[in-house]
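These protein sequence lines map, in sequence, to chains A and B.
Heads up: the first sequence runs through residues 1 to 325, numbered per my numbering.
Heads up: the second sequence runs through residues 326 to 744, numbered per my numbering.
Note that beta-carbon positions come from the ideal geometry of N, C-alpha and C, so glycine has one too.
What follows is one structure encoded as structure tokens, with my remarks underneath.
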Amino acid sequence: MQLFAKLDSPRTVVLDLVTVLVVIAGVSVLAAVGSSYLQGALVIFSINAILVISYRTITTMGGWSFAHVAIMGVGGYAVAVLSKPPMDIPVAVTFALGGLAAGLVSALLAYPVLRTRQYYFFLSTFAAGEALRQCFIQFRQLTGGTSGIAFIEYPAFVQTGDTLQFLALVLAVFFLLGLFYLMFDASETGMKIRAVGLDETLSQSLGMNPWRLRALSFVLGSVGAGVAGGLLVSYNGIVAPADFSPELMFKIVAACIVGGTRRLYGPILGLTFLTIVEEAFRGVPEYVPFVWGGLVLAATLYVPNGLEGLVDRLRTSLVRRRRHA
Amino acid sequence: MQRKISILAGAAALAAASVSFAQDSVIKVGVVQPQSGECAQWGVPITRGVELWAKEFNEAGGIKDASGNSHQIEVTGYDNACYTAGEELTAFRRAILDDGVEFILQTFTPASRKAIAPLATENKVLTTSYGAGYLSADYPYLIGSVTGSPASYMYLVSYLIEENPDIEKVAIVTADHSFGEAARAFYKAGIAPYTDRVEIVFSDPYDPAMAGDMFSIAGPIASSEPDLIVELGFTPGQQASFVETMQQLGYSGLFASEGWTMNFLTDRLKADYLDGRIYSAYVVDASEQSFSPRVAQFYDAYVETYGQAEWSVFASVAYAAMTTIEAGIQMAEEPTGEAVRAALFAEETVDNPLFGESRWAGSEIYGADTHLLTPLPVYVTDAEGNVTLDGIVDVGAWWQENAQAALTELEAGGQVTAQ
Chain A
1 MQLFAKLDSP RTVVLDLVTV LVVIAGVSVL AAVGSSYLQG ALVIFSINAI
51 LVISYRTITT MGGWSFAHVA IMGVGGYAVA VLSKPPMDIP VAVTFALGGL
101 AAGLVSALLA YPVLRTRQYY FFLSTFAAGE ALRQCFIQFR QLTGGTSGIA
151 FIEYPAFVQT GDTLQFLALV LAVFFLLGLF YLMFDASETG MKIRAVGLDE
201 TLSQSLGMNP WRLRALSFVL GSVGAGVAGG LLVSYNGIVA PADFSPELMF
251 KIVAACIVGG TRRLYGPILG LTFLTIVEEA FRGVPEYVPF VWGGLVLAAT
301 LYVPNGLEGL VDRLRTSLVR RRRHA
Chain B
326 MQRKISILAG AAALAAASVS FAQDSVIKVG VVQPQSGECA QWGVPITRGV
376 ELWAKEFNEA GGIKDASGNS HQIEVTGYDN ACYTAGEELT AFRRAILDDG
426 VEFILQTFTP ASRKAIAPLA TENKVLTTSY GAGYLSADYP YLIGSVTGSP
476 ASYMYLVSYL IEENPDIEKV AIVTADHSFG EAARAFYKAG IAPYTDRVEI
526 VFSDPYDPAM AGDMFSIAGP IASSEPDLIV ELGFTPGQQA SFVETMQQLG
576 YSGLFASEGW TMNFLTDRLK ADYLDGRIYS AYVVDASEQS FSPRVAQFYD
626 AYVETYGQAE WSVFASVAYA AMTTIEAGIQ MAEEPTGEAV RAALFAEETV
676 DNPLFGESRW AGSEIYGADT HLLTPLPVYV TDAEGNVTLD GIVDVGAWWQ
726 ENAQAALTEL EAGGQVTAQ
């Protein structure tokens, strides 16, 4: 806590920590009382929660990457390839290796894409993501081509088909990664990255190395995506290129726009909201893209800082009322 | 006396309750298909086909099982985006774990079938497709109801080569997708017995995202100067655009695909260009009235409900696929996935309501005889843009004669999963 107090506002850090714990508690309670389907949906939600908090780490450096889901695919494919013959590495170990593989690939991508800014960065990461997806398709001997790799197993310590046990694993990973991103965000390096995100030129004039800081943020965020990809393919039992599509990328970006990215709880709020919308409209799936698009537009126009901005406004008005009282 | 009356009343109430139970019992059927986006051009008519199949029984008081009990059929559509494996699995989780569905019609896309195989088998949900795609002895609840995708591609291209001795060059146009990959392998398997006289001049897959720029796809195909183009992966609208582009590039050969939505073609092209050149073979096309009176009635019902402009061959494909499940329900003591599966596989053949006696097969490709081989009608378009019956392939006989050559190509294309 001393480190947090020194480097960031203790209140916001605590709020982020509370968010991580609330997500874990909320998901656990729902899973305990919910149906098998709900438990499965919560696994996917929790994996997506890892994805959005790792994505948020990238956005702190001032760029919105569109390669995040493809990099998630790198982690997924690493788990599939390494856990199957002839490698036969234990699945639990491959989760970590998947994260490392995603980090490595993102480090290679960082060199060209981080030379761009604003919409050029968006376009270059989109192109990089598509290139990665093409690699999943074209390197058939390794990746299984468009059909992918099927029948990937759960880790040995999780009983096959036991969704609750798998959910516990995902929540444990979410907690560890959440804590890591939280501490990183609150550290001196994390603050410097946010400073670069706010004003790169000014940060450089203060002696910071923006490229290095941005690359670090890009790589660390990608490691989380790789781990999330590994968990997803193990849970689904299959990895295929189509699962790392621009549609999922749009969902992650939408969660960050609707929820906000200033704090860790923003994208989680956004993801929760979008997941509820998706479930509410499951009988009429053709309306989901329309509703999501509308929400993103509404958030951009009326709630520029997303739901977290709304929470902040509510909190401020409550404090003011108390003072007046 | 009073006690006797109350016992009688109780028995009557129980009987009434059981009768009411028998009548009110509902069979839940799921259709996992694209319900939104461009791929809904396939998914929506497929879902409608199953809904009309159910309506046919529901209006007649329900479908009767072997015990004589009638059951209403409730059909629910689930979205799988555009045949992506992860979304397929999510849809199956919803259907099975949340809605308690007992029977599901899904895509033949191998990746999607593999994704749901453990879940469907674990929950004993009988999961069929308008073809096979992927089957396995490890997953006995995955079946193929009819001769459709992707095997029909093999039979269709072979039929055309047999019937048109002038064909020397074939172009295979498929999407870079799991179902496109399967189609490519099966088209090649259909050409394999004729390699002494037929050459594959084009087989590069295209990126579906690039299908908006049809000239970039069609240009290299036209340059290879084929006599026959076999296609799989374009949506109905893109198919028409592709044929139109090939016409503009001077192509004058034959086209073949699983099916064509004629409204799109006749809107864009003159009848004389289409006359005798557009072939298809996909389970059954109900718009052609002579093959079976029952599918002809289905076509009329579809047109009456949705209008002629909404007609798509994919509706009749789904309808036909459900007739095997229908036969199973009628043979089973109760309409559960387990009982219907047992009834269907009690014999080596099934008397399909549309196609007659058909044999279970598939072990050489999939390691399991869980694909019902029904005869395959082949259709061609006439000068008025109508679909007419050109011939019927005896798929069992074809396979016996050509299995060796076909299996080599299927193996190379990664479609053989038999151990």
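query                                                                                                                                                                                   : result
Report yes or no: is there a C-beta of chain A within less than 8 Å of the C-beta of Gly505 (chain B)?                                                                                  : yes
In whole angstroms, what is the alpha-carbon distance linking Gly326 (chain A) and Gly653 (chain B)?                                                                                    : Since the first residue shown for chain A is 1 and the last is 325, residue 326 (chain A) is missing from the structure and cannot be characterised.
Which of the three DSSP states is assigned to Pro370 (chain B) in this structure?                                                                                                       : helix
Any chance you could list the beta strand (DSSP E) runs of at least 3 consecutive residues sitting entirely within the segment 496-550 of chain B, in chain order?                      : 524-527
Should the segment 443-457 of chain B be called in touch with the segment 410-421 of chain B, which here means at least 3 C-beta pairs below 8 Å?                                       : yes
Go to Phe428 (chain B), then tell me how far its beta strand (DSSP E) extends in each direction, as first and last residue.                                                             : Phe428 to Gln431
Helix, strand or coil, according to DSSP, for Asp404 (chain B) in the structure here?                                                                                                   : strand
Do Thr60 (chain A) and Asp185 (chain A) have their CB atoms nearer than 8 Å?                                                                                                            : yes
Alpha carbon to alpha carbon, how far is Gly259 (chain A) from Val311 (chain A)? Give it in angstroms, no decimals.                                                                     : 10 Å
Rounded to whole angstroms, what's the CA-CA distance from Glu427 (chain B) to Tyr181 (chain A)? Just pull it up for me.                                                                : 44 Å
Runs of 4 residues minimum, wholly inside the segment 60-122 of chain A: which ones carry the alpha helix (DSSP H) assignment?                                                          : 68-83 and 91-113
Under a Cβ-count criterion, where at least 16 other Cβ atoms within 10 Å of its own Cβ denotes burial, should Val14 (chain A) be classed as buried or exposed?                          : exposed
Going along the chain, which residues of the segment 231-243 of chain A sit with their C-beta nearer than 7 Å to a C-beta in chain B?                                                   : Asn236, Gly237, Ile238, Ala240, Ala242 and Asp243
Assuming Ala693 (chain B) and Ile238 (chain A) form a contact by the criterion Cβ under 8 Å, report the distance between their Cβ atoms to the nearest whole angstrom.                  : With a Cβ gap of about 19 Å, Ala693 (chain B) and Ile238 (chain A) do not count as contacting.
Take Arg522 (chain B) and list the residues in its own chain whose beta-carbon comes closer than 7 Å to its own, dropping the five residues that flank it on each side.                 : Glu493
Give the DSSP bridge partners of Tyr235 (chain A), in chain order.                                                                                                                      : Note: Tyr235 (chain A) sits in no beta bridge, so no partner.
Taking Trp724 (chain B) as part of the alpha helix (DSSP H), name the residues at either end of that continuous run.                                                                    : Val720 to Ala737
Where does Pro702 (chain B) fall in DSSP's three states?                                                                                                                                : strand
Take every Cβ of the segment 653-665 of chain B, pair it with every Cβ of the segment 475-494 of chain B, and state whether three or more of those distances are shorter than 8 Å.      : no
Among A:Pro267, A:Leu164 and A:Gly229, which one has its Cα closest to the Cα of Val27 (chain A)?                                                                                       : A:Leu164
For Thr261 (chain A), which three-state DSSP category applies?                                                                                                                          : coil
Are Ile137 (chain A) and Val79 (chain A) closer than 8 Å when you measure CB to CB?                                                                                                     : no
What is the DSSP secondary structure of Glu672 (chain B), reduced to helix, strand or coil?                                                                                             : coil
Taking 8 Å as the CB-CB limit, is Phe122 (chain A) close to chain B?                                                                                                                    : no
Listing by chain order, which chain B residues have their CB less than 7 Å from the CB of Tyr37 (chain A)?                                                                              : Arg418, Arg419, Leu422 and Asp423
Considering only C-alpha positions, which residue in the set B:Lys595, B:Thr742, B:Glu658 and B:Gln740 is nearest to Asn394 (chain B)?                                                  : B:Glu658
Taking all protein chains shown into account, do 16 or more other C-beta atoms lie within 10 angstroms of the C-beta of His68 (chain A), making it buried, or fewer, making it exposed? : buried
Classify Ala568 (chain B) as buried or exposed, calling it buried when 16 or more other Cβ atoms lie within 10 Å of its own Cβ.                                                         : Residue identity check: residue 568 (chain B) is Val in the sequence provided, not Ala. Buried, since its Cβ has 16 or more Cβ neighbours within 10 Å.
Are the beta-carbon atoms belonging to Asp243 (chain A) and Gly738 (chain B) less than 8 Å from one another?                                                                            : no
Does the Cβ-Cβ distance between Ala299 (chain A) and Ile257 (chain A) come in under 8 Å?                                                                                                : yes
Who are the near neighbours of Asp676 (chain B) in its chain, counting only those whose CB is closer than 7 Å to its CB and skipping five residues on each side?                        : Ala652 and Glu682
Can you pull the chain B residues whose beta carbon is under 8 Å from the beta carbon of Ser245 (chain A), in chain order?                                                              : Ala406 and Thr409
Check distances from the C-beta atoms of the segment 253-285 of chain A to those of chain B and list, in chain order, the residues that come in under 8 Å.                              : Arg282 and Pro285
Run the CB neighbour count on Phe559 (chain B), radius 10 Å, all protein chains shown included, and call it buried at 16 or more, exposed below.                                        : buried
So, are the CB atoms of Ser147 (chain A) and Ser503 (chain B) less than 8 Å apart?                                                                                                      : yes
Taking contact to mean 3 or more Cβ pairs, one atom from each stretch, closer than 8 Å, check whether the segment 507-515 of chain B and the segment 570-579 of chain B are in contact. : no
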